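Below is one structure, written out as structure tokens; the observations come after it.
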Amino acid sequence: MKKILIINGPNLNMLGLREPEIYGTDTLEDIRVWTDSKINSLAQTTWFQSNVEGEIVSRIQMASKEQFDAVVINPGGYAHTSVAIHDALKILKIPVIEVHLSQVYKREEFRHTLLTAKAASAIMSGLGKQSYYRAIQSLLD
Ligand code: DQA
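Residue numbers are given in the working numbering: position 138 of the sequence shown equals residue 190, and the series is strictly consecutive.
As structure tokens, this is what we get:
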């Protein structure tokens, strides 16, 4: 069975409360449960969330020594700024898909720069909670 690490960045722990008109009313835990039920034991997922850039870098570094088959990452706001997360993703020798719940290109201009995505094989943006499921599904296919 494929092992997939799913990393979530800052403020994604506030889903449900945070700008529901943009992100919907599901919490990150709701999204985890929904995604895992859709994946239906075709993959073993490990979910990680942190508001701290260095902790995300360290989790990615650890993943490079673990037996994951792929990483799905929603870096949150760090997607637009973090050279450190970008560089950590470049260390990985497995596929990385970056996901965003919202369609970032329809939003403020500062969200149009996707720095970490330059280290990803694919990006998905604007599919809401489906982004995670679709990313995992495409990795399995
Ligand atoms: C987000 C988009 C980012 O611009 C924002 O900072 C987030 C969430 C998304 O999932 O749509 O925190 O990554």
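Don't be surprised by glycine CBs; every beta carbon is placed ideally from N, CA and C.
In this text, all values refer to a predicted model and were calculated from it rather than measured experimentally.
Taking C-alpha atoms, which residue in Ser134, Val104, Thr133 and Lys145 lies nearest to Phe120?
Within the sequence shown, numbered from 1, the residue matching residue 120 stands at position 68. Ranking the options by Cα distance to Phe120, first place goes to Lys145.
Would DSSP call Leu153 helix, strand or coil?
Taking the first residue of the sequence shown as position 1, residue 153 is located at position 101. Reduced to three states, the DSSP call for Leu153 is coil.
Since Ile91 and Ile188 should fall inside the 8 Å C-beta cutoff, what is the C-beta to C-beta distance between them, to a whole number of angstroms?
Locating residue 91 in the sequence shown gives position 39, counting from the first residue. Locating residue 188 in the sequence shown gives position 136, counting from the first residue. 6 Å between Cβ atoms; contact.
According to DSSP, is Val104 part of a helix, a strand, or is it coil?
Reading the sequence shown from its first residue, position 52 is the one you call residue 104. Of the three classes helix, strand and coil, the one that applies to Val104 here is coil, per DSSP.
Return the first residue and the last residue of the beta strand (DSSP E) that Leu57 is part of.
Looking up residue 57 in the sequence shown gives position 5. Residues Lys54 to Asn60.
Taking DSSP's pairing of strands, which residues face Ala95 in a bridge?
Position 43 of the sequence shown holds residue 95. The partner list for Ala95 (beta bridge, DSSP) reads Lys54.
For ligand 1, I want to know if Leu64 counts as a neighbour, meaning its beta carbon is within less than 7 Å of at least one of the ligand's heavy atoms.
Here residue 64 refers to the residue found at position 12 when the sequence shown is read from its first residue. Checking every heavy atom of ligand 1 against the Cβ of Leu64, one is found closer than 7 Å.
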